[in-house]
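K.L.:
Number of protein chains: 2
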Amino acid sequence: MAVAINIVGAGVFGTFLRTVLAPFCLFSEDADIAILAVPFDAYEDVASAHAGKHLVNVCSVQDATNSICLRHSDRVTGIHPMFGPRSPAAGRTSIVTLTNSCSDEVLEVFGSISSLVEFANGERITGETHDRMMAKTHLQVVRLADKINAIVADASDIPDECLPTSFKRLKAMAEQFLDMPPGTKSSILANSHWSSSAKLGGNVVKLKV
Amino acid sequence: MAVAINIVGAGVFGTFLRTVLAPFCLFSEDADIAILAVPFDAYEDVASAHAGKHLVNVCSVQDATNSICLRHSDRVTGIHPMFGPRSPAAGRTSIVTLTNSCSDEVLEVFGSISSLVEFANGERITGETHDRMMAKTHLQVVRLADKINAIVADASDIPDECLPTSFKRLKAMAEQFLDMPPGTKSSILANSHWSSSAKLGGNVVKLKV
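Sequences listed follow chains D and C, in order. Following the working numbering, the residues of the first sequence are numbered contiguously, the last one being 228. Following the working numbering, the residues of the second sequence are numbered contiguously, the last one being 228.
(1) Can you name, in chain order, every residue of its own chain whose Cβ lies under 7 angstroms from the Cβ of Val-77(C), other than the five neighbours on each side?
(2) Per DSSP, what kind of secondary structure is Pro-100(D) in: helix, strand or coil?
(3) List the residues of chain C whose Cβ lies closer than 7 angstroms to the Cβ of Met-192(D), in chain order.
(4) For chain C, find out if any of its Cβ atoms is closer than 8 angstroms to the Cβ of Phe-35(D); answer yes or no.
(5) Counting only beta-carbon atoms, is Ile-170(D) nearer than 8 angstroms to chain C?
(6) Are Thr-84(D) and Phe-102(D) touching if we call contact CB-CB under 8 angstroms?
(7) Could you tell me whether the region 136-152 of chain C touches the region 103-113 of chain D, using the rule of 3 or more Cβ pairs below 8 angstroms?
(8) Output needed for Asp-82(D): all residues of its chain with C-beta closer than 6 angstroms, excluding positions within five of it in sequence on either side, in chain order.
(9) For Glu-137(C), which of helix, strand or coil comes out of DSSP?
(10) For Ser-134(D), decide whether its Cβ has a neighbour in chain C, counting only Cβ atoms nearer than 8 angstroms.
(11) Where does Ala-21(C) fall in DSSP's three states?
(12) Which one of Glu-194(C), Ile-167(C), His-69(C) has the shortest CA to CA distance from His-91(C)?
(13) Determine whether the beta carbon atoms of Ala-66(C) and Thr-156(D) lie at a separation below 8 angstroms.
(14) Tell me Ile-26(C)'s beta-bridge partners as DSSP assigns them.
(15) Under a Cβ-count criterion, where at least 16 other Cβ atoms within 10 Å of its own Cβ denotes burial, should Val-183(D) be classed as buried or exposed?
(16) Using a Cβ cut-off of 9 angstroms, pull out every chain D residue sitting near His-157(C), in sequence order please.
(17) When you check each C-beta in the region 108-125 of chain C against every C-beta of chain D, which residues fall closer than 7 angstroms?
(18) Could you pull the start and end residues of the alpha helix (DSSP H) that Ile-177(C) belongs to?
(19) Shortest alpha-carbon distance to Phe-6(C) belongs to which of Cys-44(C), Pro-200(C), Ser-133(C), Asn-210(C)?
(20) Which residues in the same chain have their Cβ closer than 8 angstroms to the Cβ of Arg-74(D), if we skip the five residues on either side of it in sequence?
(21) Could you list which residues in chain D have their beta carbon closer than 7 angstroms to that of Lys-197(C), in chain order?
(22) Closer than 7 angstroms by beta-carbon distance: list the chain D residues that pair up with Ala-53(C), in chain order.
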């Protein structure tokens with residue numbers, strides 16, 4: 020019998036998860052497994068509302084959200100799907116940061132739509148090491164997107180036929196960024212491994228790592 | 020009979036021009052038409068060495084280079100091909116910034132490999148208006164490329180399977196930037212319509228336009 024899952028959150032990512040997971044589980048609001056497809060700021064409230072259930076943390080940052088979930092349940096699976104609606108179907112991965120004795124059935128479902136990644140450079144990934152990696156990658160993309168969008172907006176008066184090829188590529192990238200849902204963006208920015216003094220203006224991107 | 024052209028410069032762009040123009044002209048070092056496929060800093064010397072010839076300015080900035088060429092010849096065509104070896108073959112454009120009574124044969128050759136653009140927003144493009152447009156586009160890409168390369172280099176220790184999709188896109192873009200020849204980059208940075216106080220760090224990209 021297919022595992023029953025409650026996907027909490029009907030934003031862009033929750034809706035996407037419902038679509039891609041549909042072949043591999045049953046959806047029920049009474050399910051013992053609750054996937055928290057909500058922004059970082061909602062984790063405390065949503066975890067509290069589903070206290071005692073098997074909580075599945077799919078947030079873009081994992082360390083603080085794992086801790087929040089563990090205050091409301093002793094069964095928490097931390098897993099960050101590294102893809103969204105516009106990602107290519109091939110090469111999708113999900114990073115596992117926390118498991119419990121009941122995690123296998125959750126990992127099996129996510130393993131059906133992506134490759135599970137539990138180790139990086141020979142070490143088991145934790146919420147903390149996950150967030151350090153995201154501070155260098157996911158977070159940098161979000162910060163850069165603002166700059167790219169500003170550059171593209173500033174050139175909105177330039178006719179297409181006067182744009183160099185390299186700028187056309189940048190413009191195409193900006194259009195992809197516009198696709199990132201605000202909830203995902205705010206979760207990515209909640210990364211604690213980010214020095215407030217980090218500047219894109221310098222030659223070196225300084226991070227608290 | 021095909022027009023004879025001397026392409027001066029055997030860097031990435033000069034070599035590329037030789038390849039794409041081959042079907043449409045003859046190459047001869049004695050030709051009356053000299054295409055100056057050299058970096059900005061070499062324009063004075065190369066224009067001087069071909070004084071009196073029909074000088075074709077294909078530099079990434081056009082205003083100062085048109086002036087330099089006009090000091091050495093009364094026949095100068097200013098034309099900026101907005102593409103390079105890795106640009107898609109479709110949709111290529113060349114911006115015309117200066118013509119003379121002999122320009123037609125040069126424009127015909129470049130018109131064979133691209134669409135010629137002489138007007139922007141209803142006004143004839145000049146070296147100056149060309150450079151103002153490039154300050155908002157080409158120049159911004161070059162400046163941003165440094166940031167993107169720094170971000171990608173900083174994440175070189177992160178395994179591929181731990182990279183979010185958006186970061187993979189950024190990494191692919193960085194690889195395309197690496198393709199930009201140093202001579203082209205230095206020419207783009209010679210743009211005079213660029214305030215030294217312009218900062219990518221702010222919300223607005225300030226330019227002297």
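Every residue, glycine too, gets a C-beta built ideally from N, C-alpha and C.
P.N.:
In brief:
(1) As a working note, residue 77(C) is residue 58 in the second sequence. Result list for Val-77(C): Ile-54, Leu-55, Ala-56, Ile-98, His-99, Pro-100, in chain order.
(2) As a position in the first sequence, residue 100(D) is number 81, starting the count at 1. Reduced to three states, the DSSP call for Pro-100(D) is strand.
(3) As a first step, residue 192(D) is located in the first sequence; it is residue number 173 there, counting from the start. By Cβ distance, chain C contributes Arg-188, Met-192.
(4) Translated into the one-based positions of the first sequence, residue 35(D) becomes position 16. Output row for Phe-35(D): interface = no.
(5) As a position in the first sequence, residue 170(D) is number 151, starting the count at 1. Output row for Ile-170(D): interface = yes.
(6) Translated into the one-based positions of the first sequence, residue 84(D) becomes position 65. Translated into the one-based positions of the first sequence, residue 102(D) becomes position 83. Not closer than 8 angstroms, so no.
(7) no
(8) Reading the first sequence from its first residue, position 63 is the one you call residue 82(D). Result list for Asp-82(D): Gly-146, Glu-147, Asp-150, in chain order.
(9) In the second sequence, counting from the first residue as 1, residue 137(C) sits at position 118. DSSP places Glu-137(C) in coil when its eight states are reduced to three.
(10) Along the first sequence, one-based indexing puts residue 134(D) at 115. Closer than 8 angstroms to the CB of Ser-134(D) there is at least one CB belonging to chain C.
(11) Translated into positions along the second sequence, residue 21(C) becomes position 2. Ala-21(C): coil per DSSP, three-state reduction.
(12) What you label residue 91(C) is simply residue 72 of the second sequence in a count that begins at 1. The candidate whose alpha carbon is nearest that of His-91(C) is His-69(C).
(13) The count along the second sequence starts at 1 and reaches residue 66(C) at position 47. The count along the first sequence starts at 1 and reaches residue 156(D) at position 137. Against a cut-off of 8 angstroms, the Cβ pair of Thr-156(D) and Ala-66(C) comes out as no contact.
(14) On the second sequence, position 7 is the one that residue 26(C) refers to. Ile-54(C), per the DSSP bridge assignment.
(15) Along the first sequence, read from residue 1 onward, the residue named residue 183(D) stands at position 164. The amino acid occupying residue 183(D) in the given sequence is Pro; Val does not appear at that position. It is buried - the Cβ of Pro-183(D) has at least 16 other Cβ atoms within 10 Å.
(16) Mapped onto the second sequence, residue 157(C) falls at position 138. Simply Leu-182, Pro-183, Ser-185, Phe-186.
(17) Thr-112, Ile-114
(18) For this step, residue 177(C) is matched to residue 158 along the second sequence. Per DSSP, Ile-177(C) belongs to no alpha helix (DSSP H) and is neither H nor E.
(19) This structure cannot settle anything about residue 6(C), because the visible part of chain C is limited to 20 through 228.
(20) Counted from its first residue, the first sequence places residue 74(D) at position 55. Sequence check: residue 74(D) is Leu here, not Arg. Correct list, in chain order: Ala-53, Leu-55, Ala-66, Cys-88, His-91, Ser-92, Arg-94, Val-95, Thr-96.
(21) Your numbering for residue 197(C) matches position 178 in the second sequence. First, the amino acid is wrong: residue 197(C) is Leu here, not Lys. Neighbours of Leu-197(C) on chain D: none; closest Cβ ~12 angstroms, over 7 angstroms.
(22) As a working mapping, residue 53(C) is identified with position 34 in the second sequence. What Ala-53(C) touches in chain D: nothing, since even the nearest Cβ is about 24 angstroms away.
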